[in-house]
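*Asks:* Residue numbers (our numbering), protein chains in the order written: chain A, 1 to 83; chain B, 1 to 228. C-beta: ideal position from N, C-alpha, C; glycine also. The structure presented is a predicted model; accordingly, all values stated were derived computationally and were not measured. The structure follows.
Below is the structure:
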């Protein structure tokens, strides 16, 4: 079983209200060392088989077709240890 | 005139649109279901407001891959008039039929109130009955209506006369105080380059009869008949 994780965040410079609210919450709790917070989404995918290269190409297609809105979002793909 | 109103799971303004089109404007209406692969033969398509597919992933994202949207895209590419209201606007953005994307309102709240919007172009089939600069009072009701495009795309929208409505004060001034959600350049509605596809966050169908205390929105629907 191959596992992959897509991490999606708003692009730098695009308004990230959740990050802003979480940041002000952390500051309210005294965590003033935090300089910036960005909140994103995690999408975990499981595949029966496939090499990381093949899967990366397939996942990139899924991102451009559906999972990510390229106007406002960036993403990174990670491969997780096999279960 | 025959109009198709597209219904997704989670649409909730389709009956309001139907009511206005049939009983106020006198058009005939057919519903198109999200699973349909073809549109009935119509003169105009309406994508109503609501929370299609529960706004999962992103507002409008799951609707864009529904079978009916392929047919709607073909209708739009052939020049057919398409209007997306609120969630319908979000669907049009996700489909790429209109440029840009929606972010959360800058207040982080769901905003439900009357706004003033100024007609910034009367070249679309939905604004041909309005005059340039005319100010309408229309209600909004959304959490994700903070319209975003990058600086280059904003210039393209301006250069190509694609900004259709801007949030303004009652006397038509587009200032920050009149911006209910943080939309760039106070944008409330945009069209494609050709002008036949319009997306707007305010709900003209909720303000189209005197009995509701506001009939300004009827002019948008009446414009379609005027154009066709």
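I need the DSSP call for residue 19/B, collapsed to helix, strand or coil.
*Replies:* Helix.
*Asks:* Any beta carbon from chain B within less than 8 Å of residue 22/A's own beta carbon?
*Replies:* No, no contact with chain B.
*Asks:* In the DSSP assignment, find the unbroken beta strand (DSSP E) run with residue 101/B in it and report its ends.
*Replies:* Unbroken beta strand (DSSP E) run through residue 101/B: 101-103.
*Asks:* By Cβ distance, which residues of its chain are closer than 6 Å to residue 31/B, with the 5 residues on each side in sequence left out?
*Replies:* Result list for residue 31/B: 5 and 7, in chain order.
*Asks:* Closest by CA to residue 80/A, which one among 44/A, 58/A, 27/A and 53/A?
*Replies:* If we check each option's Cα against that of residue 80/A, 44/A comes out closest.
*Asks:* Identify which residue in 117/B, 102/B and 180/B has its Cα closest to the Cα of residue 150/B.
*Replies:* Residue 150/B has its Cα closest to that of 102/B, out of 117/B, 102/B and 180/B.
*Asks:* So, do the region 196-204 of chain B and the region 74-89 of chain B have three or more beta carbon pairs nearer to each other than 8 Å?
*Replies:* They touch, by the three-pair rule.
*Asks:* In chain order, what residues of the same chain lie with their CB nearer than 6 Å to the CB of residue 170/B, ignoring the 5 residues before and after it?
*Replies:* 116.
*Asks:* Using DSSP with H/G/I as helix, E/B as strand and the rest coil, what is residue 139/B?
*Replies:* Strand at residue 139/B.
*Asks:* How many angstroms separate the CA atom of residue 86/B from the CA atom of residue 141/B?
*Replies:* In a straight line, the C-alpha of residue 86/B is about 8 Å away from that of residue 141/B.
*Asks:* Since residue 206/B and residue 16/B should fall inside the 8 Å C-beta cutoff, what is the C-beta to C-beta distance between them, to a whole number of angstroms?
*Replies:* Correct: roughly 6 Å between the Cβ atoms.
*Asks:* In chain A, which residues lie less than 8 Å from residue 104/B when you measure between Cβ atoms?
*Replies:* Neighbours of residue 104/B on chain A, chain order: 15, 17 and 18.
*Asks:* Residue 57/A: buried (16+ other C-beta within 10 angstroms of its C-beta) or exposed?
*Replies:* By the 10 Å Cβ count, residue 57/A comes out exposed.
*Asks:* Just curious, the alpha helix (DSSP H) that residue 151/B is in, first and last residue?
*Replies:* Run containing residue 151/B: 151-159, per the alpha helix (DSSP H) assignment.
*Asks:* Where do the N-terminal and C-terminal ends of the alpha helix (DSSP H) with residue 76/A fall, by residue?
*Replies:* Not the alpha helix (DSSP H): residue 76/A falls in the beta strand (DSSP E), residues 73-80.
*Asks:* Please confirm if the region 88-107 of chain B is in contact with the region 116-135 of chain B, defined as three or more CB-CB distances below 8 Å between the two stretches.
*Replies:* No, because fewer than three Cβ pairs between the region 88-107 of chain B and the region 116-135 of chain B fall closer than 8 Å, the two stretches do not touch.
*Asks:* Between the region 146-166 of chain B and the region 210-228 of chain B, do three or more beta carbon pairs fall short of 8 Å?
*Replies:* No, the region 146-166 of chain B is not in contact with the region 210-228 of chain B.
*Asks:* Quick check on residue 6/A - is its C-beta less than 8 Å from some C-beta in chain B?
*Replies:* Answer no: the Cβ-Cβ gap between residue 6/A and chain B never drops below 8 Å.
*Asks:* By the 10 Å Cβ neighbour count, where 16 or more other Cβ atoms means buried, how is residue 54/A classified, buried or exposed?
*Replies:* By the 10 Å Cβ count, residue 54/A comes out exposed.
*Asks:* Go through its chain and collect everything with a Cβ distance to residue 34/B's Cβ below 6 Å, but skip five positions before and after it.
*Replies:* 8, 66 and 68.
*Asks:* If you draw a straight line from the C-alpha of residue 211/B to the C-alpha of residue 35/A, how long is it?
*Replies:* Rounded to the nearest angstrom, the two C-alpha atoms are 53 Å apart.
*Asks:* By a C-beta neighbour count over all protein chains shown, 10 Å radius and 16 as the cutoff for buried, is residue 81/B buried or exposed?
*Replies:* Answer is buried; the Cβ neighbour count reaches 16.
*Asks:* What does the alpha-carbon distance come out to for the pair residue 4/A and residue 52/A?
*Replies:* Answer to the nearest angstrom: the Cα atoms are 9 Å apart.
*Asks:* Roughly how many angstroms separate the alpha carbons of residue 181/B and residue 17/A, rounded to a whole number?
*Replies:* Looking at the two C-alpha atoms, the distance is approximately 12 Å.
*Asks:* Straight-line CA distance for residue 218/B to residue 204/B?
*Replies:* Approximately 7 Å between the Cα atoms of the pair.
*Asks:* Establish whether the CB of residue 71/A and some CB of chain B are separated by less than 8 Å.
*Replies:* Yes, residue 71/A counts as interfacial toward chain B.
*Asks:* For residue 69/A, count the other beta carbons within 10 Å of its own beta carbon; 16 or more makes it buried, fewer makes it exposed. Which is it?
*Replies:* Its Cβ being crowded by 16 or more others within 10 Å, residue 69/A is buried.
*Asks:* Extract the residue ranges of the beta strand (DSSP E) inside the region 48-112 of chain B, only unbroken runs of 3 or more that lie entirely within it.
*Replies:* Runs found: 82-85 and 101-103.
*Asks:* Which one of 47/B, 90/B and 39/B has the shortest CA to CA distance from residue 71/B?
*Replies:* The option with the nearest alpha carbon to residue 71/B is 39/B.
*Asks:* Pick out whichever of 22/B, 189/B, 14/B and 13/B has its Cα sitting closest to the Cα of residue 100/B.
*Replies:* The option with the nearest alpha carbon to residue 100/B is 189/B.
*Asks:* With C-beta atoms as the reference, is residue 26/B less than 8 Å away from residue 136/B?
*Replies:* Their beta carbons are not under 8 Å apart, which means residue 26/B does not touch residue 136/B by this criterion.
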